[in-house]
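Protein chains in written order, with the working numbering: chain W, 1 to 200; chain V, 201 to 400.
The structure appears below as structure tokens.
There are 2 protein chains.
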Amino acid sequence: MQKEAVDRSSPRPGGRSARVQKAVHRAVRELQADGGEGELTVPAVAARAGVTPSTIYRRWGTLSQLLSDVALEKLRPETAPVDTGSLKGDLTLWLEQYVEEMASAPGRAMIRDILRETLPGNASQCSAFTYGQIETIHARALDRGELAPPAKLLLERVIAPVMYRILFTPAPPTAEEAHRLLDEVLTYPLGQSNTDGHGQ
Amino acid sequence: MQKEAVDRSSPRPGGRSARVQKAVHRAVRELQADGGEGELTVPAVAARAGVTPSTIYRRWGTLSQLLSDVALEKLRPETAPVDTGSLKGDLTLWLEQYVEEMASAPGRAMIRDILRETLPGNASQCSAFTYGQIETIHARALDRGELAPPAKLLLERVIAPVMYRILFTPAPPTAEEAHRLLDEVLTYPLGQSNTDGHGQ
DNA sequence: TGGTAAAAGCAAAAAGTTTGCTTTTGGTGG
DNA sequence: CCACCAAAAGCAAACTTTTTGCTTTTACCA
Chain W
1 MQKEAVDRSS
11 PRPGGRSARV
21 QKAVHRAVRE
31 LQADGGEGEL
41 TVPAVAARAG
51 VTPSTIYRRW
61 GTLSQLLSDV
71 ALEKLRPETA
81 PVDTGSLKGD
91 LTLWLEQYVE
101 EMASAPGRAM
111 IRDILRETLP
121 GNASQCSAFT
131 YGQIETIHAR
141 ALDRGELAPP
151 AKLLLERVIA
161 PVMYRILFTP
171 APPTAEEAHR
181 LLDEVLTYPL
191 GQSNTDGHGQ
Chain V
201 MQKEAVDRSS
211 PRPGGRSARV
221 QKAVHRAVRE
231 LQADGGEGEL
241 TVPAVAARAG
251 VTPSTIYRRW
261 GTLSQLLSDV
271 ALEKLRPETA
281 PVDTGSLKGD
291 LTLWLEQYVE
301 EMASAPGRAM
311 IRDILRETLP
321 GNASQCSAFT
331 YGQIETIHAR
341 ALDRGELAPP
351 AKLLLERVIA
361 PVMYRILFTP
371 APPTAEEAHR
381 LLDEVLTYPL
391 GQSNTDGHGQ
């Protein structure tokens, strides 16, 4: 009785599948935005999307998987990080936005939704988004001729502690704490002895 | 229609409540140990525990909450970390066991179970367990007259990255990587500028 | 030792999920 | 361009899980 949904990434783009997917995702976001109390169920989403519940069950398998997919969409970066003219400026601004988004109640909910799934697919996508944004900043810094710690080190020394705080402690991290982590890694960027593990 | 279970920590220890709680927890562990495929449902747990489903729903609210509680029990340290005679030895041995336990498939499942809950209670308990173990090692080192980085720094520089890898990447961290993180923090223990956030 | 409130049992109703089959639909080869 | 085909959606009935009102049990307390 293992839940196992199908591919899910719209095998026929432009067709009915794509329309249904959009409608369902939108329905989820709308229901989440509404008071959101409790009634986020598959039948409710189906009704709002003008679709039959069995469609959702067959395509996503479970509500968790659907919520995970929606959260991943919300987390997908829409634009490259702002270019402030310096590595530190770019990272500081980007990190502030990152922490604000992730540490908020909706942000925490998104992360939990993403992690709920058994397969690490969406979670690693999520990490890849973050990695990509940092990598962009990194490449830009190198272009300027700046010395810049690799994205991987920033993930390890800044993002990981921030995420740990968000997931495992009652009080989410503050912008100040994030700044401290960033300053430390920029001041003492040791630990470059990196064998792989994050293949972008 | 918000799910909201009652206290859950056996208000009448020694009585029937405690017996039911034990039976239910045991039933969950047994079902998880068995092939575990799919049939981990509230009715299944109830049947195995010789209890009626409504008891479980009323006490735990949801299967997630129950699984979270069971996972927290499994994660509770039973003994203090082994004393190897040195800070580095203590930390290395303890960390090896930690990573082995957490990065395994059952370990990952436990962490996901703990994080599934909306309230951060169990997750922060879990972190507190880890903090406590490291704190024990730390205190022991100070007794020996060793210089030792605070537990909080180890959480930030070693545990958080390990957890991040476990949660967000397909390939869990290896013992080698954990060693690298530990070596780095022991070699360059900067970042002591700690305002609080983890009050043990 | 009875009184009492909290927790468990029970069973029926409600809600959610699965499934077999039919219908729609977007792509494809004739 | 049209008929065909397979994939996905709709539908509805069967099935499972969850909720709920009420009764019974039971540990604690006076």
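Beta carbons: idealized from backbone N, C-alpha and C, even for Gly.
Quick check on this structure: which residue in the options has the alpha carbon closest to the alpha carbon of residue i?
{"i": "V:R380", "options": "V:D283, V:G332, V:L291", "result": "V:L291"}
{"i": "V:L347", "options": "V:P253, V:T387, V:Y331", "result": "V:T387"}
{"i": "W:A141", "options": "W:V28, W:T84, W:L31", "result": "W:T84"}
{"i": "V:G321", "options": "V:E239, V:A227, V:A271", "result": "V:A271"}
{"i": "V:L308", "options": "W:W94, W:A44, W:A109, W:A123", "result": "The sequence shown places Arg at residue 308 of chain V, not Leu. Residue W:A123 is the option with its Cα nearest to V:R308."}
{"i": "W:G61", "options": "W:E39, W:L119, W:G15, W:G145", "result": "W:L119"}
{"i": "W:A18", "options": "W:L93, W:A49, W:Q32", "result": "W:A49"}
{"i": "W:Q163", "options": "W:P149, W:G145, W:T130, W:P150", "result": "The sequence as given places Met at residue 163 of chain W; Gln does not occur at that position. Nearest C-alpha to W:M163: W:T130."}
{"i": "V:R216", "options": "V:L390, V:V251, V:A244, V:E230", "result": "V:V251"}
In whole angstroms, what separates the C-alpha of residue i from that of residue j?
{"i": "W:K152", "j": "V:R365", "result": "11 angstroms"}
{"i": "V:E335", "j": "W:D143", "result": "44 angstroms"}
{"i": "W:E78", "j": "V:A339", "result": "48 angstroms"}
{"i": "V:H225", "j": "V:Q333", "result": "24 angstroms"}
{"i": "W:Q192", "j": "W:D34", "result": "Here W:Q192 scores only 47 on pLDDT, less than 50, and its place in the model is too uncertain to base an answer on."}
{"i": "W:K88", "j": "W:V82", "result": "12 angstroms"}
{"i": "V:V242", "j": "W:R58", "result": "23 angstroms"}
{"i": "W:P53", "j": "W:L63", "result": "11 angstroms"}
{"i": "W:A178", "j": "W:E184", "result": "10 angstroms"}
{"i": "V:P306", "j": "W:A47", "result": "37 angstroms"}
{"i": "V:G399", "j": "V:S286", "result": "For V:G399, the predicted model reports a pLDDT of 37, less than 50, meaning its position is unreliable; a value from the coordinates is still stated below. In a straight line, the C-alpha of V:G399 is about 26 angstroms away from that of V:S286."}
{"i": "V:K274", "j": "V:A328", "result": "14 angstroms"}
{"i": "V:C326", "j": "W:R76", "result": "30 angstroms"}
{"i": "V:L354", "j": "W:P149", "result": "21 angstroms"}
{"i": "V:E239", "j": "W:I137", "result": "47 angstroms"}
{"i": "V:W294", "j": "V:A280", "result": "10 angstroms"}
{"i": "V:Q232", "j": "V:A244", "result": "11 angstroms"}
{"i": "V:G345", "j": "V:E230", "result": "46 angstroms"}
{"i": "V:G397", "j": "V:L367", "result": "Here V:G397 scores only 38 on pLDDT, less than 50, and its place in the model should not be relied on; the value that follows carries that caveat. Whole-angstrom Cα-Cα distance: 22 angstroms."}
With the cut-off set at 8 angstroms, would you say residue i and residue j are in Cβ contact?
{"i": "V:V299", "j": "V:A375", "result": "yes"}
{"i": "V:E301", "j": "V:Q265", "result": "no"}
{"i": "W:P172", "j": "W:A103", "result": "yes"}
{"i": "W:S68", "j": "W:I111", "result": "no"}
{"i": "W:T96", "j": "V:P361", "result": "The question names Thr, but residue 96 of chain W is Glu in the sequence shown. In this structure, V:P361 does not lie closer than 8 angstroms to W:E96 by Cβ."}
{"i": "V:V228", "j": "V:T255", "result": "no"}
{"i": "V:L390", "j": "V:V358", "result": "no"}
Any heavy atom of the ligand ADP inside 7 angstroms of the beta-carbon of residue i?
{"i": "W:R116", "result": "The ligand ADP is absent from the structure shown, which contains no ligands of any kind."}
Starting from residue i, follow the alpha helix (DSSP H) in both directions and report where the run begins and ends.
{"i": "W:G35", "result": "Run containing W:G35: none; DSSP gives neither H nor E here."}
{"i": "W:E176", "result": "175-187"}
{"i": "W:P106", "result": "105-116"}
{"i": "V:V362", "result": "360-368"}
{"i": "V:V243", "result": "The amino acid at residue 243 of chain V is misidentified as Val; the sequence shows Pro. Unbroken alpha helix (DSSP H) run through V:P243: 242-249."}
{"i": "W:R144", "result": "121-144"}
{"i": "V:L347", "result": "No alpha helix (DSSP H) contains V:L347, which DSSP labels as neither H nor E."}
Exercise. Which ranges does the alpha helix (DSSP H) cover as unbroken runs of at least 4 residues, wholly within the region 59-87 of chain W, from first to last along the chain?
Worked result: 63-75
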